[in-house]
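Novice:
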Amino acid sequence: MCRRSLLAVLTAAAILFPLPSGLAFAAAKPNIVLVTLDSARADHMGFLGSRHKLTPNLDRIAAQSLVFDRTYAQAPLTVVSYASILSGTYPQTHGATEFGAPLSNSVPFLPDILHSAGYNTVAFVGSIELDPRNGLAPGFDRGFNHYSAAFRQPQPGQGRPAAVERLGSKVVAEANAWLAANSESPFFLWINLSDAHASHSGSYDAGITSADAAVGKLVAALQAKKLYDDALIVVASDHGESLGSHGEETHGVFLYDETIHVPLLVKLPQNQNAGKRVRSRASLVDIAPTILEVAAIPVPSQMQGQSLLRIAKGSSSADQPVYSRTDFPQRAFGWSSLESWRAGKFLYIRAPRPELYDLATDSGATHNLAHSSTAAAETMAAQLEAFDSRLKNQGTASDTGLTASQLQKLASLGYVGLQKSTAGPNATAKGSDP
Ligand SMILES: [Zn+2]
Numbered sequence: 002m003c004r005r006s007l008l009a010v011l012t013a014a015a016i017l018f019p020l021p022s023g024l025a026f027a028a029a030k031p032n033i034v035l036v037t038l039d040s041a042r043a044d045h046m047g048f049l050g051s052r053h054k055l056t057p058n059l060d061r062i063a064a065q066s067l068v069f070d071r072t073y074a075q076a077p078l079t080v081v082s083y084a085s086i087l088s089g090t091y092p093q094t095h096g097a098t099e100f101g102a103p104l105s106n107s108v109p110f111l112p113d114i115l116h117s118a119g120y121n122t123v124a125f126v127g128s129i130e131l132d133p134r135n136g137l138a139p140g141f142d143r144g145f146n147h148y149s150a151a152f153r154q155p156q157p158g159q160g161r162p163a164a165v166e167r168l169g170s171k172v173v174a175e176a177n178a179w180l181a182a183n184s185e186s187p188f189f190l191w192i193n194l195s196d197a198h199a200s201h202s203g204s205y206d207a208g209i210t211s212a213d214a215a216v217g218k219l220v221a222a223l224q225a226k227k228l229y230d231d232a233l234i235v236v237a238s239d240h241g242e243s244l245g246s247h248g249e250e251t252h253g254v255f256l257y258d259e260t261i262h263v264p265l266l267v268k269l270p271q272n273q274n275a276g277k278r279v280r281s282r283a284s285l286v287d288i289a290p291t292i293l294e295v296a297a298i299p300v301p302s303q304m305q306g307q308s309l310l311r312i313a314k315g316s317s318s319a320d321q322p323v324y325s326r327t328d329f330p331q332r333a334f335g336w337s338s339l340e341s342w343r344a345g346k347f348l349y350i351r352a353p354r355p356e357l358y359d360l361a362t363d364s365g366a367t368h369n370l371a372h373s374s375t376a377a378a379e380t381m382a383a384q385l386e387a388f389d390s391r392l393k394n395q396g397t398a399s400d401t402g403l404t405a406s407q408l409q410k411l412a413s414l415g416y417v418g419l420q421k422s423t424a425g426p427n428a429t430a431k432g433s434d435p
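Position 158, counted from 1, in the sequence shown is what our numbering calls 159; the numbers after and before it change by one each time, with no gaps.
Set out below in C-alpha cells:
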C-alpha cells in the first residue's frame with residue numbers, strides 16, 4: 002500500500018471509527034475474568050444461533066454482553082492461539098508454537114501488564130498444553146501471582162485424558178475456592194476449560210455442555226460475592242473443531258470456519274451495552290488491547306489487535322478483514338504453512354493450490370472458486386500479501402514516513418504491525434523441532 006492510499010485509509014478510518022466514547026466505567030480498575038473454552042465451535046453456542054441448547058449458562062452471560070457474531074482465531078492451535086489472546090500479537094510476531102518454543106519476554110503479555118498495574122493475577126487451567134512447567138507453554142506464567150496447572154507428564158501406558166486434562170468442574174471448583182478465600186481487588190482471573198477439547202464426557206456436545214455447566218458455577222460464585230455486575234468478563238475460545246469436515250477430525254491443519262470461527266463475549270462493567278450484537282468481524286488478537294482499554298491501562302504499541310469497543314461502535318457496513326495462519330502442517334508433516342484472509346464475502350487461503358470461497362453462498366467452503374473468480378482471488382491474495390509483508394517488515398514511523406499516531410491508528414484497524422520484537426523468525430525457528 003503506498004503512502005497516499007495509507008492516508009486515504011486513515012481518513013476513512015477517522016470517519017468510520019471515531020474513538021470510543023460514551024462508555025464510562027465506574028471503577029477505574031474493574032476485576033477482570035477471562036474464560037476460555039478450548040475447542041468451542043461458534044456454531045455450537047446458543048447465543049450464536051445453535052438450537053441444541055448446549056450452553057444455557059453462556060447464553061445468560063451473552064444477554065448481558067457485547068456479542069461478537071463473527072470472531073476468528075489467528076491460529077487453529079491451542080498454544081499459538083492463547084499466545085495471541087494473551088499478547089495481542091499475531092503468531093509470527095509472538096513466535097510461540099505447539100512444539101514448546103517459549104513465549105519470549107520481549108512479547109507484551111497481558112497478565113504481566115496487569116500485574117504491573119496492581120492487579121492480583123491468577124490462572125486456573127484445564128489443559129496440560131498450557132502448563133508452563135510440564136506442558137508446551139513455557140513463559141505463560143509470566144506476571145501471574147498464582148498459576149494453577151498441576152499436571153504431570155503422562156507415563157507410558159497411561160491414558161491421555163486422566164493425565165493431561167482436568168475437567169472444567171474441577172478447575173472452577175479450585176477457582177471458586179480461591180475466590181472464597183480472596184477478596185483482594187482488583188484481580189485478573191483466567192479460567193481455561195478444556196472439556197470440549199478433551200471430550201471426557203464421550204462426545205463433543207457433552208464436552209461443550211460440561212464446560213458450560215462449569216461456567217455457570219463460576220458465575221454463581223461471582224454473583225454470591227457481588228463481584229459479577231462490576232466485573233469485565235470476556236469469554237472466548239482458542240479455536241473450533243473440525244468434527245470431520247474437510248476430512249479433518251480435530252484442529253490444527255486447516256483454516257476453515259469450523260476451526261477458526263470462535264465465540265466471543267465481552268461483558269462490560271455494569272453490563273453496559275448488554276445484549277448488543279456486533280456483526281463486524283473481530284479477532285482474538287483484539288482481546289488483550291480491549292481488556293487494557295477497559296482497565297484504563299495504556300496499550301503497548303507492540304500489540305497488534307484493535308479495540309473491540311471501537312469495532313462495536315463502528316458502522317455495521319465496515320468490512321474488517323481477518324488474518325489467520327497455521328504452521329502446523331509444515332512443522333509436523335513437512336507440508337506448507339497456510340494463511341487465510343477473510344474479507345467481504347470471501348475466504349481466501351494461501352496454499353500451494355490457492356483456495357477461494359464465497360461464504361455468502363457457500364458457508365461450508367466446499368466450492369473452490371480460485372480458478373473461476375480470478376479477479377477476486379487476485380485481490381484477496383494482494384491484500385493478504387500486503388498484510389503479511391507489513392508484519393514481516395515491522396514497519397516503523399521512520400521507514401514508512403508515517404507518524405507514530407498514524408501508525409497506531411492503522412494498527413488499530415488491523416492494517417499494519419507496529420512491533421519491533423526480537424521474537425521474529427529466528428525465535429520461531431529455535432526450539433521448534435517436534
Ligand atoms: Zn485448544
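C-beta atoms are modelled at their ideal positions from N, C-alpha and C, and glycine is treated no differently. Everything numeric in this text was worked out from a predicted model, so none of it was measured.
#1: With DSSP collapsed to three states, give me the class of Ser281.
#2: Identify whether Val300 lies in helix, strand or coil by the three-state DSSP scheme.
#3: Would you say the beta carbon of His240 is closer than 7 Å to some non-hydrogen atom of ligand 1?
#4: Can you check whether the CB of Pro133 is closer than 8 Å to the CB of Gly140?
#5: For a test of the three-state rule: what should DSSP assign to Glu356, helix, strand or coil?
#6: Would you give the residue range spanned by the alpha helix (DSSP H) that His147 belongs to?
#7: Helix, strand or coil, according to DSSP, for Thr362 in the structure here?
#8: So which of Glu386, Ser373, Thr367 and Gly365 has the shortest CA-CA distance to Trp342?
#9: Let me check you understand the geometry: is the CB of Thr327 closer than 7 Å to at least one non-hydrogen atom of ligand 1?
#10: Could you check how far apart the C-beta atoms of Arg332 and Phe100 are, in whole angstroms? I think they sit under 8 Å.
#11: Just confirm the distance between the C-beta atoms of Pro187 and Asn32, as a whole number of angstroms; I'd bet it's less than 8 Å.
#12: Could you check if Ser373 is buried or exposed, using at least 16 other CB atoms within 10 Å of its CB as the buried criterion?
#13: For Ile350, I'd like the list of residues in its chain whose CB is within less than 7 Å of its CB, leaving aside the five on either flank, ordered along the chain.
#14: So, using beta-carbon positions, are Asp213 and Leu348 closer together than 8 Å?
#15: Just to confirm my understanding: we take Ala163, look at its own chain, exclude 5 residues before and 5 after, and list those with CB closer than 6 Å. What are they?
#16: Using the beta-carbon count (16 or more within 10 Å), is Asp287 buried or exposed?
#17: Work out the CA separation of Ser82 and Val216 for me, nearest whole Å.
#18: Indicate the three-state DSSP secondary structure (helix, strand or coil) for Val236 in the structure shown.
#19: With DSSP collapsed to three states, give me the class of Arg351.
#20: DSSP state of Glu250, grouped into three classes?
#21: How many angstroms separate the CA atom of Tyr91 from the CA atom of Ser85?
#22: Between the C-alpha atoms of Ala313 and Ile292, what's the straight-line distance to the nearest angstrom?
#23: Relative to the C-alpha of Asn193, which residue among Asn274, Val80 and Leu360 is closest?
#24: Could you give the residue range of the beta strand (DSSP E) that holds Ala207?
#25: Could you tell me the distance, in whole angstroms, from the CA atom of Ile114 to the CA atom of Ala41?
#26: Beta carbon of Ser40: closer than 7 Å to some heavy atom of ligand 1?
#27: Taking buried to mean at least 16 other C-beta atoms within 10 Å of its own C-beta, is Glu130 buried or exposed?
#28: Give the range of the alpha helix (DSSP H) segment to which Phe388 is assigned.
#29: May I ask which residues mark the beginning and end of the beta strand (DSSP E) holding Ser88?
#30: How about Thr98: is its Cβ closer than 7 Å to a heavy atom in ligand 1?
#31: For Thr1, which of Asp44, Leu35, Ala29 and Val36 has the nearest alpha-carbon?
#32: In whole angstroms, what separates the C-alpha of Gly396 from that of Ala382?
#33: Can you say whether Pro109 is buried or exposed, counting buried as having 16 or more other CB atoms within 10 angstroms of its CB?
#34: Just how far apart, CA to CA, sit Val254 and Ala207?
#35: Hey, out of Leu78, Arg61, Leu49 and Val68, whose CA is closest to Leu309's CA?
#36: Go to Lys268, then tell me how far its beta strand (DSSP E) extends in each direction, as first and last residue.
Specialist: This is what the structure gives:
#1: strand
#2: coil
#3: yes
#4: yes
#5: strand
#6: It is not in any alpha helix (DSSP H) - His147 instead sits in the beta strand (DSSP E) that spans His147 to Ser149.
#7: coil
#8: Glu386
#9: no
#10: 6 Å
#11: 5 Å
#12: exposed
#13: Leu256, Leu339, Ser341 and Glu356
#14: no
#15: Low local confidence applies: a pLDDT of 48 at Ala163 is under 50, so the model's placement there is unreliable, and no value is given.
#16: buried
#17: 21 Å
#18: strand
#19: strand
#20: coil
#21: 6 Å
#22: 14 Å
#23: Val80
#24: First-last for Ala207: Tyr205 to Ala225, but that is the alpha helix (DSSP H), not the beta strand (DSSP E).
#25: 27 Å
#26: yes
#27: buried
#28: Thr375 to Asn394
#29: No beta strand (DSSP E) holds Ser88; the alpha helix (DSSP H) holding it covers Thr79 to Ser88.
#30: no
#31: The chain is shown from 2 up to 435; residue 1 falls before or after that span and cannot be answered.
#32: For Gly396, the predicted structure reports a pLDDT of 39, less than 50, and the residue's modelled location is therefore unreliable. A value from the coordinates is still provided. Cα-Cα distance, rounded: 20 Å.
#33: buried
#34: 24 Å
#35: Val68
#36: Leu265 to Lys268
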